[in-house]
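Asker: This is the structure I want to talk about, given as C-alpha cells.
Protein chains: 4
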Amino acid sequence: MAKLNWGMIGGGKGSQIGPAHRMGAQADGLFTLSAGALDHNPDAGRAYARELGVDESRAYGDWQEMLEGEQGREDRVDLVTVATPNATHFEITKAFLEAGFNVLCEKPMTMTVEEGEEIVRIAAASDRICAVNYCYSAYPMVREMREMVRTGQIGKVRLIVASFSHGHHGDAADADNPRVRWRYDPDMAGVSGQFADCGIHALHMASFVAGDQVRSLSADFASTIASRELEDDAMVNFRMEGGTVGRLWTSSVAIGRQHGFDIQVFGETGGMRWASEQPNQVFYTPVGGRTQIMEKGEGGLSSEAQRLSRVAIAHPEGFPLAVANIYVDLAAAIRGEVRDGLPTAEDGLRSMAAVHQAVASAKADGAWVDARPPMMR
Amino acid sequence: MAKLNWGMIGGGKGSQIGPAHRMGAQADGLFTLSAGALDHNPDAGRAYARELGVDESRAYGDWQEMLEGEQGREDRVDLVTVATPNATHFEITKAFLEAGFNVLCEKPMTMTVEEGEEIVRIAAASDRICAVNYCYSAYPMVREMREMVRTGQIGKVRLIVASFSHGHHGDAADADNPRVRWRYDPDMAGVSGQFADCGIHALHMASFVAGDQVRSLSADFASTIASRELEDDAMVNFRMEGGTVGRLWTSSVAIGRQHGFDIQVFGETGGMRWASEQPNQVFYTPVGGRTQIMEKGEGGLSSEAQRLSRVAIAHPEGFPLAVANIYVDLAAAIRGEVRDGLPTAEDGLRSMAAVHQAVASAKADGAWVDARPPMMR
Amino acid sequence: MAKLNWGMIGGGKGSQIGPAHRMGAQADGLFTLSAGALDHNPDAGRAYARELGVDESRAYGDWQEMLEGEQGREDRVDLVTVATPNATHFEITKAFLEAGFNVLCEKPMTMTVEEGEEIVRIAAASDRICAVNYCYSAYPMVREMREMVRTGQIGKVRLIVASFSHGHHGDAADADNPRVRWRYDPDMAGVSGQFADCGIHALHMASFVAGDQVRSLSADFASTIASRELEDDAMVNFRMEGGTVGRLWTSSVAIGRQHGFDIQVFGETGGMRWASEQPNQVFYTPVGGRTQIMEKGEGGLSSEAQRLSRVAIAHPEGFPLAVANIYVDLAAAIRGEVRDGLPTAEDGLRSMAAVHQAVASAKADGAWVDARPPMMR
Amino acid sequence: MAKLNWGMIGGGKGSQIGPAHRMGAQADGLFTLSAGALDHNPDAGRAYARELGVDESRAYGDWQEMLEGEQGREDRVDLVTVATPNATHFEITKAFLEAGFNVLCEKPMTMTVEEGEEIVRIAAASDRICAVNYCYSAYPMVREMREMVRTGQIGKVRLIVASFSHGHHGDAADADNPRVRWRYDPDMAGVSGQFADCGIHALHMASFVAGDQVRSLSADFASTIASRELEDDAMVNFRMEGGTVGRLWTSSVAIGRQHGFDIQVFGETGGMRWASEQPNQVFYTPVGGRTQIMEKGEGGLSSEAQRLSRVAIAHPEGFPLAVANIYVDLAAAIRGEVRDGLPTAEDGLRSMAAVHQAVASAKADGAWVDARPPMMR
C-alpha cells in the first residue's frame, strides 16, 4: 500500500502538538509528510519543512500559498492537518475543505457556533472528510468501553462522571507567563478558558463512550485566581438525549493532578472507569460482582480495540499512539472504509455549542440551557 | 485513670453501627459499657446488654427507662451514645442533654433544621457535650490535613472537591430489598436520600479540613433508578464563607466504587488528596513540586495526628479506630480538656440546613441558595 | 458471655507492642486486663497496671510474682500474653505453661531450636493453648487466601513469593541509635537480624496460606551497612513438603518501602497477591482471565473471612484488629472451640529452625539445608 | 537532516517485534525502510517489503541476498536490524558487521559465550556500531534513574531488587502450544528458558542503572510445570563489582502479573523504584524523607531524560517509544555523536555469560560462580 501524502499547517519548531501529529501520521508508515506551512514566520516554516524532508517546492510560507500550490498538483496531499492557533482553525479548515481536501483540524474546530455550523454544512455538502482531533477517544481501551456500552454489557447508561483537571496553571506567579496568560484572556482564548481548553475533551468522550449526545447542561464557573477573567475551574452538570445524567469537572488549579483526565461510566448492570494516566487498563465491575482489571491486548476484546493496539498485553502504549490511531482511521476513511469512531465536524460543532451554552449558564447562575447547536435542535 | 461509664441506645444485635461504637469506646480502655437500651424490642435489648456484660439493673428496655434509671444514680453514665433509627435521634438527644448527660449522637442529628437549632440551643445553655459522629474527621491523616491548612502549608484554600460515591444500591432488583428501599422513601428517610446519607459526611469534612463553613450551594439531584422518589445521585456546588469553591458528588449507583469517599483540597501553594479506602496516606503536592506520599506515623506530623495514631508507620489503622478517636476526644472533653476537633451540635445543624437547602435548590433547577441555618445567617 | 481474665507480661509504658495487645484483647470486649507485670522496673510496672485499671493485688512487680500470685487464685487469668524482650520469651512461656496457664507468646517464641522443641513438648503434654503472635495471618483476607488454596480455587500451589522489606534501618547514621543497633548485634538479637525480625512473619504466612510446611532452604544474607554483624538483607529460596517453590526477600534497608510485607501465591489455575499496607484486598487472577479485586466484606467470602471482619465492605480494618483476631480465636479456643488458624508453638518452633538453618546456609554460601526442626524431620 | 537508510532482517508479517522496530525507526522520522529480508519464506518476505514501501530492487529473499545487494550500493543502508529467530542472530550480525554495516541485534545477541566474544572482538576491531535491543533501558525515566545514581543522588548503591515475572505461560494446557513450547525446549531455546528470555532484561537494567557490572551469581531454577525441561521460574542472587547486592526474580507462571518487569534500587541516601507497566513515573524516597512521585516531563530532570521524551508531563509514552529511543540514539551514533546509553555488544556478551553461568550454578545447587565472560575476567 503506497503511503498517503500528508500536509501540515502549523506545528512548527518548538510546538507541542507538531511532533505529536508527525509521530501520529508516521508511526505506522501510513503517511509521508509531503507539504507544509509550519510556522507563522514564512522563512522559518519553509526551512523547518525542508529539515523534515519536505521537497523545496512544497515547503510553503503560509497556508494560502500551500492551498494554491497543492490545488494544482496531481499528487496533492491526501490530508491536511490544521494545527495553528485556535482563532485560525475555522478559515483554514473551511478553505481546504472547499478546495476538496480532507482535513484533520485541531480542537477547537471554530471559535463560534455559527462558524461550526458552517463547517458542518460544507463538510456535509462535500465528499471530503473533516475530522477533529479528539485523540483521547482513539485509545484502544476507550474504544473498548464504547463497544461495551454499544453491546449492552453495562446496560443502559445511567450516569457518567468525567474530569479533566490538572494543576499546571495553579501558580499565581504565572499570571504574566505568556504560555499561561492567554488562556484566561477573552481577547485571545474566546469566551471560555479551562472548559474550552480541556473540558470539551471530557465532554466529547462522555458522548463518545455513551453513544449519545448532550442535550442540556448547567454550569458553575470559577476564576480561583482572581486576576483571571476566564474560568480556571468549572463544573458542568448535563443530561443526555437518552436521559443519562452527566457530571464533568475541569480545572487547571488542581495542584498535584498531573494530567487528570478520567471517566467513570455507570450503567444498569455494571460500571467502568478509565484514566488517561494509565490508559491501557479499564476497571470494570459487573453489578454485584468484583472489579476486574481489563488490559489492552488481552484476549476477547472487541475488534475495534484490537485493531488499534500495536504491541502485546501489558506493553504500554501512550498518548502519541492514540494520536496515531486517529491517523489510522483517517487513512482507512480516505481509502473509503467506514470508520465511525473518527471524530467529525459534528463533534467539533457540538463542543463549540456546549462551550457557549456553558458560558451562558454560568453567567445565569447555573440555569439549565439547551446544549445543542441550533441546527441540531 | 478510672474508666468512664458509658451507655448506649440502639446498636443492638445485628446492627452495623453498634459494634463500631463498642469497639470505638472500648479499644483504648477509656469507657466501660455500663448501661444500655439496645433494641426496639425491650426484652431483646435487655438480654443483649447482659450478654455484653451490663449489669442487670442497667440493662434497660427502652431509652425512657434508661433515662429514668440513670438519672437517679451516683455512678450514672458519663456519656450516652444515640445509635437508633434516624427519626428518633432528636427526641432522645434532647431528653438526655436536658437531663444533664453528655451525648454522642449518630448522624443525622435531627430530621429538620428547627430541631437542629433546638439542640444547639439546649447544648449551648448546658455545660454538657453534644457531639455528632462525623467519624471520618477523626482519622489521623484527616486531622493532619486540617493542621496543614490551619498552619498555611497550602496557602489560602481555593477549591475543594469531595465525593462519597459508592455503588451498593446500583442494582434495580434491590428496589424491594428493605435494607435499601427505605433510604429512597421520604416517609422513612426524610427529604433527601443519598445526599443526607453520605453526602453530608463529605460536606462536613470539607468544612472541617478547610476550617471554614459553607455559605451557599446549588444542587442537581437525580433518581437514576426511576422508581426512587428520593435522589440516588447528587452534585452540589458550593461556596464557603472565605470564598473557597466547593464541588461535592455523592452517589449510591456508582457501581464499582466500594466506599468511594475522598477529598481533594487545592490551595494557593499546594494541593492534597485523601481517600477513605487508603486512610493512612495523604498525597501532598507543593505548587511546582513533586507529589509526596505522607504516611500516618511518619516523623514530623502534627501533634494532633500523632495523638490519634496507635501503631507505627505503615501499620494500617482503619475505620473502627477512627470511631475510637471520636471517643478519645470525648473522654478528654468529659475530663475538661479542649478538643476542638470534636464534631458538635453546630456541625449537625449545619448538615441538616445543607440537606434541606440542597433539596430546595434541586427542586428549583439548581438555583443558588443560602446553605446556613437561619440562626447562623 | 462473661469476659475472660487476661494478664500481660511486658508491654509497659512506651512500648509499641503493648497497646497493640491491649487493643487486640479489648476491642471486641472479650477480655478484661485483670493482672499484669508490665515493666522490668517493678514499681513502674505496678503503677502502670493500676493506671490501666488492674486491681492493686494483681499489679505485679515481675513475672515470677505474677505466676505465684495468679496460681493461687480461683479467678486466675485465662490467658497470659508474653510481650517481654525476646531472650526471655522461653522461660516465661515455659513457666506459665507448666503452671497450667494458656499463653500467647510474642515472636520469636524462643532463641534456640532446642528451647522451641521443649515448648512444643510441654504444650503437647498439657491441655493448654500455647499460641505465637503471627498476627498477620489473622487478617480476614489472609484467611480468605488460605481457604481459597484449601478448597482448590487456584489448584496446586506451584510458587510463593513473599517479601517483608522496609527501609527504616537504612540510615547508616542510626548505627548508634539504640533502638536500631541491638537488632544487628548477636549478643542481643541472636544468630539473625532482619530474617529473624521480619522474615519469619513472611515465612509463616507462606506456610499458613499454602497449608504446607517448608522442607529445605538456601539463604543469601548481606550486611549492606558494613558495621552490622548480622544481616540487614536476606534472600531465602525454599521448597515445601508438597513441592511448592518459595522465594522470600526481607530487608531493612529498602528505603522507600514503608511496611513492605506482601505475598504472591501462584497455583495451577490462578494467582493471588496481598499486601499488608492494603490488607483489605486480595488481587486474584484465574488462569487466562482478568485480575479481580476481592474486598473484605464482599458477598461470598469464606465463613472464616466473614467471622473475622467487623465493619462493612470497604470500611478498612487495620493492624490492631488483626491482632484482635488472634484474641478472638484465643477466646474461642479457651472456650473449647476448634480454631485451626491460630498460630501455635509448632509454628514458633518451625520459625526458629528456619532461622538457624538459614544462618547455616548463608554461612555455607547458600548450600541447601533441611529447614525443619529435628523433632519434625 | 536527511533520513537514514534502514534495513530489516526478520520481523515479517504477523511478528510481534517487527512492528515495534518499524514504529521505533520511523516514529521520529529518522529512518526510512529502504531494504528488507523480512521472512524466512523469500517470496513472502519480498512481497511484504514491497507492501511496506521498499523498492523492488531492495526487497530481498534472504539475508545473504540482502548482504550482497546492499554491499554494492552507494546508498547502502546505514543500519541493519536483526530480528530473526534467536539461533540466527550470531551469523547474521557477524556477517553484516564484517561487511561494514552498523547493526542493531535483537536479544539474545548469540547463543553461546564464545560467539558473544567473537562479536565483541569484531565490533571492537571495526568502527561500526553493534547495538543490542535492551530497549527498556531507553525509557526516559530509566535513564533518569541512571543519572541519579551517576550523580550521587542516592549515594552508593547497596542493593538492587529486580523482577521480570509474568504469568502468560502459566497454563499447563499450553504445553503443546507451539508459541509457548519452544521456549522450554533446549533444542530450540538453548540452555535456559525464562531467565534467557526475560531475566536478562532485568539483569541488564540492574547494571545499566547502577553503572556497574555483575561479578558473581548464584541461581535457583525451577520448572514449576513438570513437563518443561527448561526453567519457567528462576531466582538469581548476585554481587556487582562495586559490592552491590542483587536479587533478581523472573517467572512465566506468575499468573496475574501482566508484564511484571520492575526494579528497585536502594542506596545509602535514598531508594527508587520503577515498573514497566507505569513507565513514566519513578518513586523516589530520600532516606528519612517522604516518597516523591517523579514524572516524565517534569521540570528539573536530566538532559538525558528530557532528550528522550516527546510529549508533555503526564501524557504517557509507552513501549514503542522506548524502542524508538534506541533508534534515536542509533541515529545520533551513526552521525558520530557519543551515546553512552546505547546497549552494546559487550552488554549482549555479558548477558550470555550470565545465562550460561546461572545455568551452571543452578545445576550445582546454587553454588556461587563468576558471572563474567572469560575475556572480561
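Line by line, the protein sequences give chains P, U, F and S.
Numbering follows the working numbering, with no gaps: position 13 of the first sequence is 13.
Take any residue in the second sequence, count from 1 to its spot, add 1000: that is its number in the working numbering.
Take any residue in the third sequence, count from 1 to its spot, add 2000: that is its number in the working numbering.
Take any residue in the fourth sequence, count from 1 to its spot, add 3000: that is its number in the working numbering.
Built from N, CA and C at the ideal position, the CB exists for glycine as well.
Does DSSP put U/D1075 in a helix, a strand or coil?
Answerer: Here residue 1075 of chain U refers to the residue found at position 75 of the second sequence. Looking at U/D1075 - three-state DSSP - the assignment turns out to be coil, as it is neither helix nor strand.
Asker: Helix, strand or coil for P/G382 per DSSP?
Answerer: One cannot answer for residue 382 of chain P here, as it falls past the ends of chain P, which runs 1 to 377.
Asker: If contact means a Cβ-Cβ distance below 8 Å, which residues of the region 1288-1309 of chain U contact chain S?
Answerer: Within the region 1288-1309 of chain U, the qualifying residues are G1288, R1290, T1291, Q1292, I1293, M1294, E1295, E1298, G1299.
Asker: With distance defined between alpha-carbon atoms, name the residue in P/A202, P/V54, P/A20 nearest to P/T250.
Answerer: Taking the first residue of the first sequence as position 1, residue 250 of chain P is located at position 250. Of P/A202, P/V54, P/A20, the residue nearest in Cα terms is P/A202.
Asker: Within the region 2074-2147 of chain F, note down every full alpha helix (DSSP H) run reaching 4 residues or more, in order along the chain.
Answerer: Qualifying alpha helix (DSSP H) stretches, in chain order: 2089-2098, 2113-2125.
Asker: Exposed or buried, what is F/A2049 when buried is set at 16 or more other beta-carbons lying within 10 Å of its beta-carbon?
Answerer: The residue you call residue 2049 of chain F lines up with position 49 of the third sequence. Buried, since its Cβ has 16 or more Cβ neighbours within 10 Å.
Asker: Contact check, S/A3138 vs S/Q3194 under 8 Å by CB: the rounded distance?
Answerer: Sequence index remark: in the fourth sequence, residue 3138 of chain S carries index 138 (1-based). Sequence index remark: in the fourth sequence, residue 3194 of chain S carries index 194 (1-based). Contact flag wrong, Cβ pair sits at about 23 Å.
Asker: Check for me: the beta strand (DSSP E) holding U/V1161 runs from which residue to which?
Answerer: Sequence index remark: in the second sequence, residue 1161 of chain U carries index 161 (1-based). Where U/V1161 is concerned, the enclosing beta strand (DSSP E) stretches over 1157-1165.
Asker: For a cutoff of 7 Å on Cβ pairs, would you count S/V3311 as touching chain P?
Answerer: The residue given as residue 3311 of chain S occupies position 311 in the fourth sequence. S/V3311 counts as touching chain P.
Asker: Please list the partners that U/F1428 has in chain P, where partner means a Cβ-to-Cβ separation under 8 Å.
Answerer: Any question about residue 1428 of chain U goes unanswered here, given that chain U covers just 1001 to 1377.
Asker: With 8 Å as the C-beta to C-beta threshold (strictly closer), list the residues of the region 220-247 of chain P near chain U in chain order.
Answerer: Those residues of the region 220-247 of chain P that come within reach of chain U (Cβ to Cβ, closer than 8 Å) are D220, A222, T224, I225, D233, M235, N237, V245, R247.
Asker: Check the Cβ-Cβ distances between F/F2319 and every residue of chain U, and say whether any is below 7 Å.
Answerer: Position 319 of the third sequence, counting from 1, holds the residue named residue 2319 of chain F. Chain U, which has a Cβ nearer than 7 Å to the Cβ of F/F2319, makes this yes.
Asker: What does the alpha-carbon distance come out to for the pair F/I2160 and P/G155?
Answerer: Counting from one through the third sequence, the residue named residue 2160 of chain F turns up at place 160. Counting from one through the first sequence, the residue named residue 155 of chain P turns up at place 155. Answer to the nearest angstrom: the Cα atoms are 40 Å apart.
Asker: List the residues that DSSP assigns as beta-bridge partners of F/W2274.
Answerer: Stepping through the third sequence from its first residue, residue 2274 of chain F is reached at position 274. According to DSSP, F/W2274 bridges with F/I2263.
Asker: Can you pull the chain U neighbours of F/K2003, defined as C-beta to C-beta under 7 Å?
Answerer: In the third sequence, residue 2003 of chain F corresponds to position 3, counting from 1. The contacting residues are G1053.
Asker: Answer with yes or no whether the minimum CB distance from F/R2158 to chain S is below 7 Å.
Answerer: Here residue 2158 of chain F refers to the residue found at position 158 of the third sequence. True, the Cβ-Cβ gap to chain S drops below 7 Å.
Asker: When we look at the beta-carbon of S/T3151 and count the other beta-carbons within 10 Å, is it buried (16 or more) or exposed?
Answerer: On the fourth sequence, residue 3151 of chain S is found 151 positions in, with the first residue counted as 1. It is exposed - the Cβ of S/T3151 has fewer than 16 other Cβ atoms within 10 Å.
Asker: With burial defined as no fewer than 16 other Cβ atoms inside 10 Å of the residue's Cβ, what is the status of U/A1364: buried or exposed?
Answerer: By 1-based counting over the second sequence, the position of residue 1364 of chain U is 364. Flag for U/A1364 reads exposed.
Asker: My guess is that F/M2145 and P/R290 are in contact by the Cβ rule of under 8 Å, so how many angstroms apart are they, rounded?
Answerer: Counted from its first residue, the third sequence places residue 2145 of chain F at position 145. Counted from its first residue, the first sequence places residue 290 of chain P at position 290. 15 Å between Cβ atoms; not a contact.
Asker: Can you check which of these residues, F/L2301, F/L2033, F/I2200, is closest to F/T2110 by C-alpha distance?
Answerer: Sequence index remark: in the third sequence, residue 2110 of chain F carries index 110 (1-based). Measuring from the Cα of F/T2110, the nearest candidate turns out to be F/I2200.
Asker: Which residues bound the alpha helix (DSSP H) around P/I225?
Answerer: Within the first sequence, residue 225 of chain P is the residue found at index 225, counting from 1. Note, P/I225: premise wrong, no alpha helix (DSSP H); not H, not E.
Asker: Relative to the C-alpha of F/G2024, which residue among U/C1135, U/A1210, U/K1296, U/E1317 is closest?
Answerer: Residue 2024 of chain F sits at position 24 when you count from the first residue of the third sequence. If we check each option's Cα against that of F/G2024, U/E1317 comes out closest.
Asker: Within 7 Å (strictly less), CB to CB, does U/M1205 reach chain F?
Answerer: Indexing the second sequence from 1 puts residue 1205 of chain U at position 205. Chain F contact via Cβ: absent.
Asker: For the candidate residues U/V1132, U/G1100, U/G1260, whose alpha-carbon lies nearest to that of U/S1163?
Answerer: The residue you call residue 1163 of chain U lines up with position 163 of the second sequence. For the residues U/V1132, U/G1100, U/G1260, the minimum Cα distance to U/S1163 belongs to U/G1260.
Asker: Does DSSP put F/V2328 in a helix, in a strand, or in coil?
Answerer: Residue numbering aside, residue 2328 of chain F sits at position 328 when the third sequence is read from its first letter. Three-state DSSP puts F/V2328 in a helix.
Asker: Among the residues of its own chain, which have a CB less than 8 Å from the CB of U/R1143, if the five just before and after it don't count?
Answerer: Here residue 1143 of chain U refers to the residue found at position 143 when the second sequence is read from its first residue. If we look at U/R1143 and ignore the five residues flanking it on each side, its Cβ neighbours are S1137, S1302, E1304, A1305, L1308, G1341.
Asker: Using beta-carbon positions only, say whether U/A1360 and U/V1369 come within less than 7 Å of one another.
Answerer: Your numbering for residue 1360 of chain U matches position 360 in the second sequence. Your numbering for residue 1369 of chain U matches position 369 in the second sequence. Cβ distance < 7 Å, so U/A1360 and U/V1369 count as in contact.
Asker: Is it a yes or a no for the region 1125-1134 of chain U touching the region 1164-1173 of chain U, going by three-plus beta-carbon pairs under 8 Å?
Answerer: No, they do not touch.
Asker: Since P/Q213 and P/M240 should fall inside the 8 Å C-beta cutoff, what is the C-beta to C-beta distance between them, to a whole number of angstroms?
Answerer: On the first sequence, residue 213 of chain P is found 213 positions in, with the first residue counted as 1. On the first sequence, residue 240 of chain P is found 240 positions in, with the first residue counted as 1. With a Cβ gap of about 6 Å, P/Q213 and P/M240 count as contacting.
Asker: Within the same chain, show all residues whose beta-carbon is closer than 8 Å to that of F/L2097, passing over the 5 residues directly before and after it, in chain order.
Answerer: Residue 2097 of chain F sits at position 97 when you count from the first residue of the third sequence. Counting only Cβ-Cβ distances below 8 Å, and skipping sequence neighbours, we find V2103, I2119, I2122, A2123, S2126, R2128, C2130.
Asker: Name the residue from U/T1088, U/P1108, U/M1148, U/L1004 whose alpha carbon lies nearest to the alpha carbon of U/R1273.
Answerer: Numbered from 1 along the second sequence, position 273 holds the residue referred to as residue 1273 of chain U. That would be U/M1148, whose Cα lies nearest to the Cα of U/R1273.
Asker: Can you list, in chain order, the residues of its chain whose CB lies under 7 Å from that of S/R3247, leaving out five sequence neighbours each side?
Answerer: Mapped onto the fourth sequence, residue 3247 of chain S falls at position 247. Closer than 7 Å at the Cβ level, and outside the excluded window around S/R3247, lie V3161, N3237.
Asker: Mind checking which residues open and close the alpha helix (DSSP H) that includes P/P286?
Answerer: What you label residue 286 of chain P is simply residue 286 of the first sequence in a count that begins at 1. Per DSSP, P/P286 belongs to no alpha helix (DSSP H); it is in the beta strand (DSSP E), 281-286.
Asker: Nearest CA to the CA of S/T3350: which residue from S/A3002, S/L3033, S/D3078, S/T3112?
Answerer: In the fourth sequence, the residue the question calls residue 3350 of chain S occupies position 350. Per the sequence shown, residue 3350 of chain S should be read as Arg rather than Thr. Nearest C-alpha to S/R3350: S/T3112.
Asker: Have a look at U/R1073, U/G1297, U/I1092 and flag the residue whose alpha-carbon is nearest the alpha-carbon of U/I1009.
Answerer: Locating residue 1009 of chain U in the second sequence gives position 9, counting from the first residue. Of U/R1073, U/G1297, U/I1092, the residue nearest in Cα terms is U/I1092.
Asker: Give the DSSP bridge partners of F/I2293, in chain order.
Answerer: Locating residue 2293 of chain F in the third sequence gives position 293, counting from the first residue. DSSP lists P/T291, F/F2283 as partners of F/I2293.
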